[in-house]
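So the sequence shown is numbered by this note's numbering: it starts at 10 and just counts up by one.
The C-beta atom is built at its ideal place from N, Cα and C for all residues, glycine as well.
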Amino acid sequence: MADTSSRPRAARMISTVGRQGLLLVLTLAFLGPVVWAILSAFKPANSIIRNPLSIDVSQFTLANFAEMFHDVPIAHGFLNTGIVLVVKGSMTLFFAPLAAYAFAKFRFLGKNLLFGAVLITLMLPTIVLIIPLLLEMKELGWVNTYQALILPGSIDAFAIFWMRQVIEVVPDELLDAARVDGCGEFRVFWSIVVPVIRPGLAGLAVLTVMNIYNDFVWPVVAASSSRMATLQVMLSTLSQQITGNKIGADYATVTGELLAASSVALIPLLIIFIALQKHFINGILAGSVKG
Numbered sequence: 010m011a012d013t014s015s016r017p018r019a020a021r022m023i024s025t026v027g028r029q030g031l032l033l034v035l036t037l038a039f040l041g042p043v044v045w046a047i048l049s050a051f052k053p054a055n056s057i058i059r060n061p062l063s064i065d066v067s068q069f070t071l072a073n074f075a076e077m078f079h080d081v082p083i084a085h086g087f088l089n090t091g092i093v094l095v096v097k098g099s100m101t102l103f104f105a106p107l108a109a110y111a112f113a114k115f116r117f118l119g120k121n122l123l124f125g126a127v128l129i130t131l132m133l134p135t136i137v138l139i140i141p142l143l144l145e146m147k148e149l150g151w152v153n154t155y156q157a158l159i160l161p162g163s164i165d166a167f168a169i170f171w172m173r174q175v176i177e178v179v180p181d182e183l184l185d186a187a188r189v190d191g192c193g194e195f196r197v198f199w200s201i202v203v204p205v206i207r208p209g210l211a212g213l214a215v216l217t218v219m220n221i222y223n224d225f226v227w228p229v230v231a232a233s234s235s236r237m238a239t240l241q242v243m244l245s246t247l248s249q250q251i252t253g254n255k256i257g258a259d260y261a262t263v264t265g266e267l268l269a270a271s272s273v274a275l276i277p278l279l280i281i282f283i284a285l286q287k288h289f290i291n292g293i294l295a296g297s298v299k300g
């Protein structure tokens with residue numbers, strides 16, 4: 010008689026191997042183009058065009074990076090992006106949890122209606138808001154300024170929703186005990202709520218950094234001057250800048266410098282995600298589990 014006990018074990022093993030194989034294929038599909046772009050940035054410019062799929066480590070050179078830094082003021086793009094990232098990210102991570110704390114733990118007239126209005130803004134496409142925001146920036150005299158890059162969208166509706174889901178599971182008994190001890194509401198929030206919601210706050214921080222760093226549509230409209238260009242705007246006009254600064258630049262030269270610039274722009278996001286990936290995963294779980 011055949012041993013039936015081994016069949017479930019074999020089925021589980023096949024299922025596990027199948028899942029692992031599928032994950033491996035998806036990983037290669039997502040990371041393959043990124044790895045190719047980074048490695049190709051080190052190849053001679055002509056080799057990128059002649060043999061785009063070949064990788065010869067012995068031919069690796071930093072010429073594309075040296076030429077790119079010479080032709081494009083990418084450091085200025087990093088500076089503008091860094092200023093916007095620090096100020097706008099700090100505002101999001103400070104004010105969004107405060108608003109979420111009010112929605113999660115306070116009772117006041119029209120709370121559900123107001124929170125519903127906040128959620129409705131998530132359904133509005135960004136393109137719909139660009140013209141009204143741009144007109145507002147023009148009236149304030151903020152076009153081509155850091156104010157225009159930073160203030161619109163600094164208190165994000167998604168951030169409020171995310172943090173409300175996280176704060177809602179904080180036990181009310183902890184807050185009541187702090188109030189009995191004489192703590193004011195801000196002290197309760199800062200000393201009791203913030204330490205508890207730290208995983209969710211870390212997850213929000215990663216998403217906020219990625220969104221601000223990769224933002225292109227609003228910066229290209231609100232800051233059209235090269236002086237205020239963020240990194241993503243500068244990358245979008247990189248080929249024009251290279252050909253403008255280097256008379257007679259061919260397609261291979263432009264491609265090599267574009268790959269070099271894209272690789273440099275990718276480094277900060279990789280470092281941030283690798284350093285905070287544990288907090289990011291914990292934050293997603295903290296924001297998705299209630300009770």
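Span of the alpha helix (DSSP H), counted from its first residue to its last, around residue i
| i | result |
| --- | --- |
| M100 | I83 to K114 |
| R196 | E194 to V197 |
| D65 | Unbroken run through D65: none, as it is neither H nor E. |
| G191 | Element bounds for G191: n/a, residue is neither H nor E. |
| E145 | T135 to L149 |
| F167 | A166 to I176 |
| P180 | Taken as a continuous stretch (DSSP letters only), P180 belongs to no alpha helix (DSSP H), as it is neither H nor E. |
| G209 | R207 to N223 |
| M132 | Neither: M132 is in no alpha helix (DSSP H) and is coded neither H nor E. |
| P161 | Counting along the chain, P161 falls outside any alpha helix (DSSP H), and DSSP gives it neither H nor E. |
| F51 | Careful: F51 lies outside any alpha helix (DSSP H) and carries neither H nor E. |
Cα-Cα separation, residue i to residue j
| i | j | result |
| --- | --- | --- |
| R116 | L285 | 35 Å |
| S63 | L40 | 17 Å |
| F87 | T25 | 44 Å |
| L213 | Q68 | 42 Å |
| I281 | V215 | 8 Å |
| P161 | P141 | 11 Å |
| S245 | A270 | 11 Å |
| G300 | Q174 | At G300, the pLDDT of 44 sits below 50, so the modelled position is not reliable and the matter cannot be decided from this model. |
| F198 | K120 | 19 Å |
| Q241 | V81 | 13 Å |
| L118 | F124 | 11 Å |
| F103 | P204 | 14 Å |
| I278 | N223 | For the record, residue 278 in the displayed sequence is Leu; it is not Ile. Cα to Cα, L278 sits roughly 9 Å from N223. |
| L183 | Y155 | 40 Å |
| A113 | W151 | 34 Å |
| V43 | G191 | 54 Å |
| F74 | E266 | 7 Å |
| S272 | I83 | 12 Å |
| L71 | F51 | 6 Å |
| Q250 | H85 | 14 Å |
| A11 | G27 | Any answer about A11 is weak, because its pLDDT of 49 lies below 50 and its placement is not dependable; what the coordinates show is given next. Cα to Cα, A11 sits roughly 25 Å from G27. |
| G193 | D185 | 11 Å |
Counted within 10 angstroms of its Cβ, other Cβ atoms place residue i as buried (16 or more) or exposed
| i | result |
| --- | --- |
| E148 | exposed |
| P180 | exposed |
| R59 | exposed |
| D165 | buried |
| Q29 | exposed |
| V298 | Residue placement at V298 cannot be trusted, given a pLDDT of 49 that sits under 50; what the coordinates show is reported in the next sentence. With fewer than 16 other Cβ atoms within 10 Å, it is exposed. |
| A20 | exposed |
| F195 | exposed |
| G209 | buried |
| P106 | buried |
| A126 | exposed |
| A232 | buried |
CB of residue i within 7 Å of CB of residue j, strictly
| i | j | result |
| --- | --- | --- |
| S248 | V263 | yes |
| A211 | A54 | no |
| I176 | Y110 | yes |
| S56 | L268 | no |
| G98 | T239 | no |
| M77 | N153 | no |
| A108 | I23 | no |
| I201 | A187 | yes |
| I136 | V96 | no |
Integer Cβ distance of residue i from residue j, believed to fall under 8 Å
| i | j | result |
| --- | --- | --- |
| S163 | T90 | Not a contact, Cβ separation roughly 15 Å. |
| L94 | I221 | 5 Å |
| A157 | M146 | 5 Å |
| W227 | I139 | 7 Å |
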